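Beneath this line is the structure, given in structure tokens, with notes to follow.
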Amino acid sequence: MKKKYVDYEVRPISDIRDLLRSSVELYGNLTAFLEKRNGVYEPVTYSEYYRDVRGLGTAMYDPSRPERRIAVIGENCYMWAVSYMTVVCGMGVVVPIDREATPEDIKNIVGIAEVDTILHADSAKGKLAEVEGVPKIAFSELRGLIEKGVEMIEAGTTVYDGLPIDPYKMSVLLFTSGTTGVAKGVMLSHHNIAFDIMEMCKMINIQPEDTFLSVLPLHHTYECTCGFLAALYRGATVAYCEKLGTIMRNLQETKASIMLAVPLLLETLYKRIWQNAEKSGRADTLRRAIKVNNALKKMGIDLSKKLFAEIHQAFGGHLRLLVSGGAAVDPKVLAGLRDLGFLALQGYGLTECAPLAAVNRDTYYKDESAGLPPPNTWLAIHEPDENGIGEIKYRGENVMLGYYKMPEATAEVIRDGWLYTGDIGYIDKDGFLIITGRKKNVIVTTNGKNIFPEEIEHHLSRDPRVLDSMVVGDTAPNGDTIIKAIIYPDYELVNSEVAVKGIPTDDTNSPEYREAVRDMFTQMINELNLKLPTFKRIRKFIIRREDFEKTTTKKIKRHAPANLDETNQL
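Encoded structure:
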């Protein structure tokens, strides 16, 4: 059977230092990074970046400590990229730490990982006060060390350049607590990451002309591998977003063409496009233009850039590709963005896979799927039921070495050469992975029915008045397990509907306001329940006043007490 796609060509790399050196050779004078300094984005070339990495490595090299453990913590910035690369290029093991981690968590990670030095953003200084006995160097101090190292290189010191790298030994130690709070150290090698980058780049076309807007936190493998290292591998530019609130402005300033995202970010951007269209009275015109353009596309004519020029300009005029990961995104959002001329895809990854386990190709995709496995890797379903649904397992050279100092936990997930992901799904006739839920999140009803909360959350997310939701099992007075939805509304939309009824929205504690909002969501849930099997229907709901407590990749912490608390509901 003939494949419906071809792999893009890639160059072989043996490790991350090989990636850096070969990219400097190929793209030395091109811009590797854009970082805002004094209100202006300043470029850094590949050659300048390599100079800084070599300089810092030479200055920090200590022959008495050949296998160092160096932590990096801070917001996405150029010095984070310099710090990370300096450590992995022969100095030892880099330990990226979540910039949102608590002081206690940081202290624990530093101790467990046996960190000997911490490189940190100046903004993280306060959180590091409790970490004693470990030298700390602020990013603002690194420039002095870099210049010192460059002087040493010019004087003939080349020891850092020749430090040995074993591609199959641990080089990155990532602590991931996911949404359960149980921290595990994932050990990744140079080979894990290099393999992941090469296979990913066979599936998605990245060119030196591309600019990535770096939004997601770099301590996660998704942004680090796919948005930082893969960009450097292809000679592209990495531009650092200042903060979530400046994404649109930064897209315009950097003329970014690619952005990695999480579903919440994509869905928010898409909702805003349509909210603006409705407010300006252009929504019907936009719908007609989409219909015409989709008809033209079938004849090989795409006028997206012209018909939707105003929308594209709002996104900087160059944005072409959005890749979502971390959780399932509404297929309608992906299709809707593509209707407007933005190719939006989703993938599936785990820190344990460095992170890629599946992604939709840019020439072959299904919006409802998590994608296809990368070349030279395999996905399979463990003990599928009559519908082909079971636990997803994965095999490939990007699978982690194991959990740090946790052999039992490692043996639980790596068996017979397969990584057992803990996610539930099936593989369709074309080889696409469809994820239905998370094994540990399954709600088992009193009569033995299995319910994946993600499925119901997906239905809820389709209503624009729902910003986010979490579905959990609850106990009815008769002892039965029932479905409970915890909803965080888009209060801007909710209040506009309430105001139309002549009800004041300034006092959200008034009985009149609360009754109006609850009636609104009661109607919404009743309509949704008609579309669901009886055992999946929502029997109870809570309306939150505040957003959920989340991880830095915007996943709801399902077991956080604050997210289950019913005392501060509407």
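In terms of our numbering, the sequence shown has 360 at position 214, counting the first letter as 1, and numbering is strictly consecutive.
Just so it is clear, CB atoms sit at the ideal spot from N, CA and C, and this is done for glycine as well.
Small disclaimer: the values here were computed from a predicted structure and weren't measured.
Asked	Found
Straight-line Cα distance separating Y195 from I292	11 Å
Neighbourhood of V228 by C-beta distance below 8 Å, restricted to the same chain and skipping five residues each side	Y195, D198, V199, L202, L288, I292
Per-residue DSSP class, three states only, for M405	strand
Endpoints, the beta strand (DSSP E) within which L502 is located	502–505
Integer Cβ distance of L483 from A490, believed to fall under 8 Å	4 Å
K273 in three-state terms, based on DSSP	helix
Buried/exposed call for Y314, threshold 16 Cβ in 10 Å	exposed
Inter-residue Cα distance where the pair is I633 and R683	15 Å
Distance, R561 Cα to I252 Cα	31 Å
Anticipated Cβ contact below 8 Å, V737 with A259, distance rounded	Nothing in the structure corresponds to residue 737, since the chain is present only between 147 and 716.
DSSP three-state assignment for K696, whether helix, strand or coil	strand
Within 9 Å, strictly: CB atoms of E246 and T523	no
Whole-Å CB distance - V277 paired with I243, under 8 Å assumed	The Cβ separation is near 10 Å, so there is no contact.
Per DSSP, cross-strand counterpart(s) of W564	R561
Given N406 as reference, the closest of L468, D531, I671, D164 once Cα atoms are compared	The identity of residue 406 in the sequence shown is Leu, whereas the question assumes Asn. Ranking the options by Cα distance to L406, first place goes to L468.
Inter-residue Cα distance where the pair is K330 and L547	13 Å
At least three beta-carbon pairs within less than 8 Å, the region 448–458 to the region 574–592	no
Which of helix, strand or coil DSSP assigns to M225	helix
Counted within 10 angstroms of its Cβ, other Cβ atoms place N175 as buried (16 or more) or exposed	exposed
Per-residue DSSP class, three states only, for H528	strand
Inter-residue Cα distance where the pair is K585 and K647	43 Å
Alpha-carbon spacing of G625 relative to K595, whole angstroms	15 Å
Classification of N672 by the beta-carbon crowding that lies within 10 angstroms, buried from 16 upward	exposed
Reduced DSSP secondary structure (H/G/I, E/B, other) of L378	helix
Three-pair Cβ contact test at 8 Å for the region 530–545 versus the region 372–389	no
Touch test, the region 207–215 against the region 654–674, Cβ-Cβ under 8 Å, three pairs minimum	no
Cβ-based burial, V332 [other Cβ within 10 Å; buried from 16]	buried
Neighbour-count burial assignment, A402, 16 or more Cβ in a 10 Å radius	buried
DSSP-derived helix/strand/coil call for E188	strand
Cβ neighbour criterion (16 or more within 10 Å) applied to D693	exposed
Alpha carbon of D569 to alpha carbon of V239, nearest angstrom	29 Å
Pair within 9 Å by beta-carbon distance, I602 and P635	no
Boundaries (first-last residue) of the alpha helix (DSSP H) holding R434	429–443
Alpha carbon of F488 to alpha carbon of R157, nearest angstrom	28 Å
Where H266 sits in the DSSP three-state scheme	strand
Cβ neighbours of R608 in the same chain (closer than 8 Å, five flanking residues each side left out)	D476, K478
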